[in-house]
Structure formats: C-alpha cells, structure tokens
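Chains as they are written, first to last, in the numbering used here: chain A, 4 to 420; chain B, 4 to 420.
There are 2 protein chains.
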Amino acid sequence: MSHALSNLSVDGGRLWRSLMDLAEIGATPKGGVARLALTELDGEGRRLFVRWCEAAGLEVEIDEIGNIFARRAGKNPSLPPVMMGSHIDTQPTGGKFDGCFGVMAGLEVMRTLNDLGIETEAPLEVIAWTNEEGSRFPPCMMGSGVFIGKLGLAETLAKTDEHGLSVGAELARIGFAGTRKATGHPVGAYFETHIEQGPVLEDEGKTIGVVIGTLGQKWFDLTLTGVEAHAGPTPMRRRKDALLAAARVVEAVNAAALASGGHACGTVGYMRIHPNSRNVIPGRVEMGLDLRHWEAENLDALAAAVTARVAEIAERTGVTAELTPTADFPPLSFDPECVAFVRAAAERLGLPHRDIVSGAGHDATFIAEVAPAGMIFVPCENGISHNEAENAEPEHLAAGASILMHAVLARAGVVAA
Amino acid sequence: MSHALSNLSVDGGRLWRSLMDLAEIGATPKGGVARLALTELDGEGRRLFVRWCEAAGLEVEIDEIGNIFARRAGKNPSLPPVMMGSHIDTQPTGGKFDGCFGVMAGLEVMRTLNDLGIETEAPLEVIAWTNEEGSRFPPCMMGSGVFIGKLGLAETLAKTDEHGLSVGAELARIGFAGTRKATGHPVGAYFETHIEQGPVLEDEGKTIGVVIGTLGQKWFDLTLTGVEAHAGPTPMRRRKDALLAAARVVEAVNAAALASGGHACGTVGYMRIHPNSRNVIPGRVEMGLDLRHWEAENLDALAAAVTARVAEIAERTGVTAELTPTADFPPLSFDPECVAFVRAAAERLGLPHRDIVSGAGHDATFIAEVAPAGMIFVPCENGISHNEAENAEPEHLAAGASILMHAVLARAGVVAA
C-alpha cells in the first residue's frame with residue numbers, strides 16, 4: 004500500500020451521527036435500544052440502512068433469510084467479495100452499539116472510499132445479518148448461520164417466538180423476505196468490528212482488541228418438575244420444590260465456571276416459574292443454561308460437570324430434570340493472516356492494542372467456518388453491553404472503523420490511481 | 004340438644020353435586036379450577052351461589068367490598084348471627100375444594116335445616132368472602148379483612164393487579180359492588196370448614212381435624228438489583244448477578260425454616276427475572292418470601308434470621324436488596340368454647356379426629372379477632388392443595404359439613420319443636 008493510503012482514516016463524526024440516527028429507531032427512555040429481530044422497528048432500521056447504502060451508490064440485495072447485502076463494485080467482478088458486517092437487531096434492553104457499530108462502520112468505510120475515489124480489485128460488501136441476538140427467535144446468529152449452510156433455511160423460517168409467530172411470516176410482514184438464494188455465495192474474506200462487551204480493553208487502556216478467536220459455547224434448556232402445593236400446610240420435608248432445585252442449579256453453574264477458571268463462563272439468564280404465585284410451592288421451572296470456554300476440552304468438562312450436578316440436585320431435591328442441549332459452538336480461532344492484517348493496521352496507525360478472545364459469539368464466528376475472517380474490538384464503558392447503558396467513545400469507534408478499512412483494503416487490493 | 008338432633012347429618016350427595024356444579028365455572032383441563040378474584044368467572048360463580056341461596060329462602064346482601072351474606076332468620080332477630088363461610092375465588096391453578104367446600108357446606112347446612120324444619124334462636128348466615136387467596140390482588144383474606152376493620156375500605160378498593168386494574172373497578176365491572184356497609188356488623192360466632200391442605204389427617208387416618216389455631220405468617224417482597232451484562236465477555240468475578248443472589252435467598256429461606264423446626268415454613272413461590280434473556284446476566288429480580296410459624300417468638304426469630312441472610316447475600320454477591328414487609332399475621336388461637344363444640348360433635352358422631360394447627364390463614368383467622376370462631380378440617384388426597392389435582396372424599400366432606408351444622412346449632416340454639 005502506498006504511503007498516502009497507509010494513514011487513511013474514516014470520518015468519525017459521520018460514523019457517530021449515523022449510529023445515533025439508527026439508535027432513534029426503538030430508542031428506550033434509559034438511552035438504549037429495543038429493536039428485536041423482525042419486529043416493525045427492525046423493519047424500520049433495515050429500511051434506513053438500505054436507503055443509506057443506495058445513497059452511497061451500493062447495490063443492495065436481500066436474501067431468503069432477510070440478510071441485507073450492499074455491494075461496492077471492484078475492478079475485477081469475478082473475485083469473491085471482501086465483506087464487512089454485523090447485525091442491527093438488539094436485545095430487549097440493548098444498547099446503541101452492539102452489532103450496529105459493525106454495520107455502520109462498514110457503511111462508513113464505503114463512504115470514505117467513495118470520498119477518496121479509491122477503487123479496489125475485489126468487490127466489497129457490507130452486510131446486516133438477520134437475528135444475530137437470538138433473543139426473540141433462538142438460535143442466535145441466525146442469518147449468518149443460514150448463509151454458511153449450518154442452519155437449514157426451511158427449518159429456520161419455521162422457528163417461532165413465544166407467541167407462536169414464525170420467522171418466515173414475520174420476515175414477510177416487515178417486507179424483507181428476499182429472493183437472493185441464502186447459500187452458495189463465495190466469500191473472499193470477512194471482517195467485523197464490534198465493541199468488546201467486556202471490561203478488558205478499557206481496564207488496560209487499549210484502543211484496539213486484535214481478536215484471535217471466539218469462546219466455545221454450550222446452551223441448554225432445563226425443565227425441573229416437582230409438585231405444586233400450598234406454602235403453609237405442606238411440611239418442609241415433604242416438599243418437591245422446583246424453584247429450590249432451580250436455585251441450586253444457578254449456584255452450581257456459577258460454582259462450576261469459577262472452579263474451571265481461565266475463560267470459563269456460566270450463566271443462567273432465563274427462568275420461568277410455574278405457577279409463580281406467592282403462597283404456592285413452585286411445581287415447575289424452565290431455565291436456560293449458558294456455558295462458555297476457550298479450550299474445547301475444558302468446555303466439554305464444564306458441561307459434564309454441570310450435567311452431573313443437575314442430576315444430583317434433582318435427586319436430592321425430589322424433582323425430575325429434563326436437560327436439552329439447544330446450541331453448541333466449538334471454540335474458534337480466526338484466520339492468522341486476517342488477524343495479522345488487523346494487528347499490522349493498529350501498529351501502523353500507532354494505536355494501543357492487544358490480542359484478545361471474544362467471549363461472545365458473533366456472525367464472524369460462523370463466517371470463519373467458510374472463509375478467512377477476523378474481528379476488531381474497541382472498548383466500551385465499564386465493559387457493559389446487553390444493557391441500555393452501553394456506551395463507547397466516538398474516537399474509539401472511529402479507530403475501529405479505520406482499522407476495518409485498512410484490513411479490508413489489505414485483502415481486497417487497491418487499484419493504483 | 005335432643006337425642007334426635009344429636010345424630011343429624013347433611014345430605015352428602017347434594018353437597019357433592021353443588022361442589023361439582025360450582026367447579027364447572029373456570030374448570031381447567033387438569034380437573035382444577037381457575038377462578039381468580041373479581042374476574043368474569045368469579046362473577047359467574049358468585050351469581051350461581053346467590054341463586055342457590057335465594058332458592059333456599061335466604062336473604063342475600065352484598066357489602067361494599069363484595070362479600071356475599073345469605074341469612075336464615077332465627078326466632079330472635081336481635082341476636083347477632085352465627086356465621087358459616089369461606090371463599091369461592093381460587094388460585095391460578097387451584098382445585099375444586101379450597102374455600103368452595105366451606106361455602107357449599109354452609110349452604111348445605113341451611114338446606115338441611117330447611118328440610119328438617121329446624122328453627123334456631125339466633126339467625127344464621129353463610130358468607131362468601133371476597134378475594135381470600137390474594138393471588139391476583141394482594142393481600143389475601145381481603146374481604147374478611149375489610150369486614151373486621153383491619154384493612155381500610157378505600158385503600159383496599161384502590162389495590163391494583165399486575166395490569167393496573169383496581170379492586171373497586173373490577174368489583175363494579177362484575178356487578179358485586181354492594182351497598183351494605185362493610186363494617187360495624189355484630190357476629191355471634193363463626194365456623195369454617197375447610198380441607199386440611201396438608202397431609203397429616205390422611206396420614207393418620209383421621210376424618211376430622213379440630214383446628215386449635217392458625218400459624219402466624221410474615222410475607223415480604225424482595226427486590227435484588229445487580230448489573231445487567233453480557234453472559235459471554237463479562238468475567239465471572241466482575242459480575243453483579245441478581246439471579247445468583249436470588250438463588251442464594253431461596254436456599255437461605257429453605258434452610259432457615261428447616262433449622263427452626265416445629266411448624267416453621269419458608270417458601271419462595273414468586274419470582275420475576277429482568278430482562279430474562281438467555282445470554283444476559285440478570286440485573287434485577289423481584290421475589291416474594293412467605294414465612295410461617297406457630298409461636299410468635301419463633302416467627303420473629305425466623306424473620307430476623309432471613310432478613311440477616313438477605314443482607315449478607317446481597318453484600319457477598321455485589322447486589323442491593325430492598326426487603327419490604329407486605330403481610331404480618333400473628334399466630335392465632337381459636338376460641339376454646341368453639342373448639343370444644345367441634346371436638347364434642349366429632350366425638351358424638353363417632354368420627355376419628357385429632358387437634359391440629361392450620362398452616363394456612365383463612366377468613367376464620369380474621370373473624371376470630373372480633374368474635375368466637377372455630378374451624379373444622381377434613382383430609383385431602385396426598386395433602387395436595389393450590390394444585391389442580393386437589394381432591395377430597397365425598398364422605399369426608401359430608402362429615403365436615405355435619406360437624407359444622409352441629410357446632411352452629413350448639414352456638415345458635417335450637418328452638419324446641
């Protein structure tokens with residue numbers, strides 16, 4: 004790359020304004036965003052993104068699972084595209100930056116290259132993947148999962164939310180049931196920039212996280228069934244209390260992750276108690292277990308330990324346990340060359356950086372199964388995400404988008420002016 | 004009482020049929036009843052009861068809190084009435100007998116006395132008290148609480164359910180906002196028959212429980228507030244997990260009750276997790292604590308122990324705790340003469356019986372604060388209540404209603420034919 008190109012940076016102010024404009028759709032009083040996948044608000048956000056892409060001269064296509072592809076032509080159209088992307092659906096109490104930063108950063112890269120009249124060899128694409136959060140419709144990373152052929156299209160369109168509405172029906176309702184085939188598209192490389200969603204970069208004063216991979220995850224649904232009975236006249240020793248068992252499982256998941264150490268995480272985020280009446284001993288509890296680790300064998304051991312504890316707890320508390328795996332992602336290491344491009348760009352721009360493992364899965368985790376991929380992290384305030392208070396510094400976001408641009412140009416090749 | 008009267012019994016078949024007819028209103032597929040206070044179905048049940056009372060020649064009045072009074076005249080109208088009663092509202096997943104048995108038993112007593120042409124000195128009343136369960140609108144024993152002046156009428160009419168609907172508005176909507184003043188009515192005595200809702204009578208092969216009193220209860224609402232964050236990238240040791248704290252409180256309530264021993268009960272039946280998303284560390288949990296004991300000092304000690312544990316748990320787990328008392332009923336001993344009438348009737352009819360303490364509060368618990376009162380228990384299958392599978396033997400129910408009749412006649416006095 005020429006010396007002039009080596010110090011390129013994006014327009015940070017324009018990036019910030021686009022993020023804030025997008026964040027108005029589904030804005031919550033606490034400063035966050037509630038824009039669940041395939042709701043009316045998600046449709047509004049999608050339409051705004053498409054308008055911006057078209058205004059930037061990008062060619063937009065929607066695929067059968069609602070993924071949005073916006074392409075900037077390269078000199079050589081037969082080369083597979085170098086892609087940037089993330090997601091614009093949010094958690095129920097989400098923030099303005101999770102996912103949206105990666106999509107707006109990709110758009111900002113396109114706008115900057117237009118401003119500078121830079122032509123690439125390979126085409127470039129920025130993508131907004133459908134339903135990365137998996138909050139309304141499990142599983143997470145739905146759009147990218149279908150794109151790589153890991154999740155079947157028909158079965159995914161048939162997934163329903165807790166009210167029985169299907170992905171397919173909701174996609175059509177918001178006008179994003181596209182015609183471009185979901186699978187079979189070559190990818191040259193994929194880069195995704197994202198807020199860290201953890202406290203490490205901020206704690207260490209780093210601007211850029213060179214992401215070397217993502218944690219493996221195992222999710223389970225657990226149903227504990229005891230006996231509903233009256234809280235007063237039922238002697239303590241005769242109870243089969245499903246909530247007492249559930250409480251013991253919450254403690255056990257936490258303890259197992261702490262005992263495992265390293266990158267181990269164990270979380271219960273979801274629980275429904277039946278009948279959930281103040282003076283009735285709960286007869287049934289449904290809950291979700293979320294286990295994560297960096298080494299595959301450690302993740303397996305953590306899952307085995309939790310499975311064993313669930314069985315012991317059920318036996319001891321006099322309830323039955325039904326434990327069902329619902330998601331299983333192995334730990335993933337990103338392509339060394341992509342990682343190197345990101346590291347080199349941070350070096351070249353003089354930004355404090357460190358290698359880091361992503362605790363969360365991202366669309367990049369799936370795309371990495373079919374193409375060289377990499378990720379770029381920037382700090383977020385107090386490491387908070389999946390929280391309306393989620394926040395990031397404009398300068399950090401601009402730095403991440405600039406690194407994204409450099410990595411993309413290194414892979415796509417710049418046509419000499 | 005004359006020899007002929009001493010062996011009187013009610014019509015058990017008619018009692019059973021009335022119970023089954025009432026149970027059709029709000030019947031659930033699992034054989035239970037969902038007829039929450041002041042819903043349309045509650046209105047339907049109330050109207051059926053009023054029709055039956057009028058058909059039995061009883062004079063019906065509705066008071067300002069919706070309590071239904073059905074009076075059978077006595078020879079001496081200036082004597083305060085001898086009352087029978089219970090409630091016909093149910094738990095969300097309730098049974099056919101809880102509360103309904105006591106109301107139908109009182110109606111069956113009236114019908115039997117009519118059949119036999121028996122006149123009493125004092126008037127008799129059978130009452131259906133409003134909202135005994137406190138499930139939709141806390142607190143429990145609402146109608147009887149207002150009747151004795153313990154709960155203020157205006158503030159009680161203003162209580163709302165989780166959707167913001169008020170007691171007053173719902174009473175009016177179902178047509179039971181009555182005009183009889185809620186307070187200031189003398190009571191001669193009060194008797195209530197009820198299923199035990201526990202396993203003791205069935206275990207010991209007794210037909211009648213001579214209830215000597217009800218356990219004291221202390222209820223609390225507890226809100227635990229931590230920090231919502233992403234389940235993946237948030238290191239275990241940096242979390243402020245409100246659900247982990249809640250789980251520790253559930254365990255602590257159970258342990259404190261077991262340690263206290265005797266009649267101690269500790270239950271968490273209600274819990275709401277926020278945001279309740281599978282990969283988000285919960286930032287807030289609301290829960291209900293239900294503590295019970297027979298000795299006042301032991302109940303105080305149990306509450307103090309739990310309160311201390313809540314503070315320790317909050318500190319240790321890095322969350323804040325807001326613990327609010329929501330109900331406080333001291334242990335109550337029933338009037339010795341009323342208890343003696345019940346015991347004597349069981350003896351006279353040759354029914355296996357034992358003294359017993361009620362684990363649950365009942366409307367009788369409140370009425371006992373203003374007048375001599377007693378209760379009669381009958382066994383229920385496996386001690387199960389607050390459960391759609393709740394069941395009782397027709398013979399046991401008939402026995403309880405017959406004891407009720409004998410106790411009432413002993414207090415009201417029979418006019419010699």
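For glycine and all other residues, C-beta sits at the position ideal for the given N, C-alpha and C.
How about residue i and residue j: are their beta carbons less than 8 Å apart?
i      : j      : result
I91/B  : G48/B  : yes
L475/A : R75/A  : The requested residue 475/A does not occur in the structure, where chain A is confined to residues 4 to 420.
G196/B : A404/B : First, the amino acid is wrong: residue 196/B is Thr here, not Gly. For T196/B and A404/B, yes; Cβs fall inside 8 Å.
E136/A : Q200/A : no
P397/A : G148/A : no
G362/B : P236/A : yes
S388/A : I198/A : yes
E289/A : P334/A : no
P285/A : H296/A : no
L305/B : S263/B : yes
G416/A : E124/A : yes
L41/A  : I177/A : yes
L407/A : A324/A : no
Any C-beta of chain B sitting closer than 8 Å to the C-beta of residue i?
i      : result
M145/A : no
V411/A : no
R357/A : no
L218/A : yes
R38/A  : no
N134/A : no
List, in order along the chain, the chain B residues whose C-beta lies closer than 7 Å to that of residue i?
i      : result
V283/A : Q94, G272, H389
S336/A : Residues of chain B passing the Cβ test: none, with the nearest at roughly 16 Å.
E1/A   : Residue 1/A cannot be examined here, being either before or after the span of chain A that is shown, 4 to 420.
G148/A : Within 7 Å Cβ-Cβ: nothing; G148/A doesn't reach chain B, min ~15 Å.
Can you tell which of the options has the C-alpha that lies nearest to the C-alpha of residue i?
i      : options                        : result
G60/B  : V411/B, L22/B, V129/B, A395/B  : V129/B
E57/A  : L110/A, A245/A, L168/A, A259/A : L110/A
A330/A : F223/A, D366/A, R242/A         : F223/A
V309/B : A347/B, R346/B, T270/B, L412/B : T270/B
V360/B : L154/B, V63/B, I406/B, V213/B  : V213/B
R312/A : A157/A, T368/A, V253/A         : V253/A
I28/A  : G46/A, G69/A, R17/A, L204/A    : G46/A
G120/B : L11/B, A410/B, F344/B, L247/B  : L11/B
H188/B : H399/B, I370/B, I406/B, M239/B : I370/B
L242/B : A260/A, V230/A, A347/A         : Reading off the sequence shown, one finds Arg at residue 242/B, where the question assumed Leu. The candidate whose alpha carbon is nearest that of R242/B is A260/A.
G265/B : A73/B, L354/B, G219/B          : G219/B
D338/B : D358/B, L352/B, G377/B         : G377/B
L352/B : L326/B, H409/B, E391/B         : H409/B
For a contact meaning CB atoms closer than 8 Å, what does residue i contact in chain A?
i      : result
R251/B : A250, E254
E195/B : What E195/B touches in chain A: nothing, since even the nearest Cβ is about 15 Å away.
M3/B   : The structure shown does not extend to residue 3/B, since chain B is modelled only from 4 to 420, so the question has no answer here.
G120/B : The premise fails here: G120/B is roughly 38 Å from chain A at the closest Cβ pair, so nothing lies under 8 Å.
G403/B : Those do not exist, as G403/B stays about 16 Å from chain A at its closest Cβ, beyond 8 Å.
G386/B : A232, P236, T237, R241
From the DSSP output, read off the bridge partner residues of residue i.
i      : result
F223/B : L292/B, P328/B
C268/A : R295/A
A58/B  : DSSP lists no partner for A58/B.
R357/B : G212/B
Starting from residue i, find everything on chain B with Cβ-Cβ shorter than 8 Å and list it in chain order.
i      : result
L246/A : V253, V271, G272, M274
P333/A : Chain B residues near P333/A: none, gap ~15 Å exceeds 8 Å.
Counting only Cβ pairs nearer than 9 Å, list the residues of chain A close to residue i.
i      : result
S361/B : G235, P236
W222/B : R281, N282
Taking 7 Å as the cut-off, is the CB of residue i close to at least one heavy atom of the ligand NAP?
i     : result
S21/A : Absence of the ligand NAP is noted for the structure shown, with no ligands found whatsoever.
Show which residues of chain B have a CB atom less than 9 Å away from the CB atom of residue i.
i      : result
P328/A : Within 9 Å Cβ-Cβ: nothing; P328/A doesn't reach chain B, min ~13 Å.
Tell me, please, whether the CB atom of residue i is closer than 8 Å to any CB atom in chain A?
i      : result
H6/B   : Bear in mind that the predicted position of H6/B carries a pLDDT of just 49, short of 50, making it too unreliable to give a figure here.
G438/B : Residue coverage of chain B in this structure runs from 4 to 420, which leaves residue 438/B outside it and unanswerable.
G212/B : no
R295/B : yes
G48/B  : no
A232/B : yes
P202/B : yes
Can you pull the chain A residues whose beta carbon is under 7 Å from the beta carbon of residue i, in chain order?
i      : result
D303/B : Residues of chain A passing the Cβ test: none, with the nearest at roughly 18 Å.
S138/B : S280
G291/B : R281
P126/B : Near P126/B there are no residues of chain A at all, since even the closest Cβ is about 32 Å away, more than 7 Å.
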